[in-house]
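According to the UniProt record's numbering, the sequence shown holds residues 12 to 330 in order. By construction, the Cβ of each residue, glycine as well, lies at the ideal position given by its N, Cα and C atoms. Values in this document were obtained by computation on a predicted structure and should not be read as measured data.
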Amino acid sequence: YREKLHAAAEALENFSGPIYVVTHVDPDGDAVGSSLGLALALEAMGKEVFWICQPPRYLQFLAGDYRNSPPISQVPEGALLVVLDAAEPSRVEGAPVEGYVINIDHHGTNPRFGDISVVDPSKAATAQIVKDLVDALGVAWTPAIATPVLAGMITDTGNFAFANTTPELLRTAADLIAQGVAYAELTDRLKWRPPGYFQLMGKVLSTVEFHFGGLLVTAHLPPGLQGENGAEEDSDDFVGTIRYAEGSLVAVFLRERGPDTKLSIRSRGRVSAQNIAVKLGGGGHVPAAGATLRGMGLSDAYGRLLPVVEEELKRAGYL
Ligand code: 5GP
Ligand code: MN
Ligand code: MN
12 YREKLHAAAE
22 ALENFSGPIY
32 VVTHVDPDGD
42 AVGSSLGLAL
52 ALEAMGKEVF
62 WICQPPRYLQ
72 FLAGDYRNSP
82 PISQVPEGAL
92 LVVLDAAEPS
102 RVEGAPVEGY
112 VINIDHHGTN
122 PRFGDISVVD
132 PSKAATAQIV
142 KDLVDALGVA
152 WTPAIATPVL
162 AGMITDTGNF
172 AFANTTPELL
182 RTAADLIAQG
192 VAYAELTDRL
202 KWRPPGYFQL
212 MGKVLSTVEF
222 HFGGLLVTAH
232 LPPGLQGENG
242 AEEDSDDFVG
252 TIRYAEGSLV
262 AVFLRERGPD
272 TKLSIRSRGR
282 VSAQNIAVKL
292 GGGGHVPAAG
302 ATLRGMGLSD
312 AYGRLLPVVE
322 EELKRAGYL
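Below is the structure:
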């Protein structure tokens, strides 16, 4: 890890052309925070930086007045592409993965693409790797750089609550808070949602169902709401609510997107959300993973999902 990290730092330090910083589709707090933090740090080094990321509404405050760049269909000759928090090249949004590529990520399923790949599944967040990278680059921490990086750690650990919250992660986060980040304000702001979100939550919660004697809990975005202003992106964390159904070992939230259905999967105990996601053509981490079922509406998606969850519950010895 140290060796790769320093190779990435050296490549960035020695590079004088344009640097494109990109992340995954449907960027979450870690995607936005890690890419924004690195972009700001590179900018502080005097680099020419293009941050290609369209944060969802609830994360737009992180960027403040820092401008994001429009997507590109081709990486210019001689440019460098830094890809953050993307489990695979196909998840990257805004730029094709080509040219000289530095891949910075913490997904175990990452195929280690790119010319330099700094992939460490023991890290709770890609932002944790960015913290080390910015240190390696020797950039002075400011609250402006530290805030998005800390936001990435906060969101990927569920406010420092999930099993990926290691002593090392907490020390790293403490270092960032010591740089003058308004911590309580940040955690508060990260939870803000528009008024419509709370009405939407009511509709989503009315779709909750239990399967396999309660071991699986599911919910979905009611079909009529697909395409309604903001409903899809406001649905990002509903899986984070239903996962606390007592007695459940798997939680899945389904939402239709065009002709496809996207699944957010969470698990506990010996059950692996990652196993379920991989069987459905997706990926992620053991306790938190996702997949997109192409060409399937909600009922087909449920039909595809249930046997795969059943198989995983059996494998883990719960059925
Ligand atoms: P979420 O449910 O929050 O969208 O995603 C949970 C985790 O699974 C994240 O780490 C995310 O990167 C990963 N993930 C979600 N959807 C996909 C997918 O379609 N393919 C892959 N490889 N990973 C995914
Ligand atoms: Mn992410
Ligand atoms: Mn992440």
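A distance below 8 Å between beta-carbons, with the five flanking residues on each side excluded, links Leu-180 to the following residues of its chain, in chain order: Lys-134, Ala-135, Ala-136, Gln-139, Met-164, Thr-168 and Phe-171. Of Ala-106, Ile-276, Pro-234 and Gly-294, the smallest CA-CA separation from Ile-63 is found for Ala-106.
Contact between Ala-327 and Val-282 holds: their C-beta atoms lie close to 5 Å from each other, under 8 Å. The closest heavy atom of ligand 1 lies less than 8 Å from the beta carbon of Asp-247.
Contact between the segment 87-95 and the segment 195-205 is not established, with fewer than three Cβ pairs separated by less than 8 Å.
Within its own chain, the residues whose Cβ lies closer than 7 Å to the Cβ of Glu-323, once the five positions on either side in sequence are excluded, are Val-282, Ser-283, Asn-286 and Ile-287, listed in chain order.
The Cβ atoms of Leu-187 and Val-160 lie closer than 9 Å to each other.
Taking the Cα positions, Asp-37 is about 26 Å away from Ser-259. With respect to the 9 Å criterion, Leu-232 and Val-215 are classified as neighbours on the basis of their beta carbons. In this structure, the CA atom of Ser-217 is about 28 Å from the CA atom of Pro-66.
Bounds of the alpha helix (DSSP H) holding Val-43 are 40-55. For Asp-131, the Cβ stays outside the 8 Å cut-off from all heavy atoms of ligand 3. When the five nearest sequence neighbours on each side are left out, no beta carbon in the same chain lies closer than 6 Å to the beta carbon of Phe-173.
The set of residues with CB atoms less than 6 Å from any heavy atom of ligand 2 reads, in chain order, His-35, Asp-39, Asp-41, Ala-42 and Asp-96. Nearest C-alpha to Gln-210 among Tyr-111, Pro-132, Ser-246 and Arg-305: Ser-246.
In this structure, ligand 3 has a non-hydrogen atom nearer than 8 Å to the beta-carbon of Gly-163.
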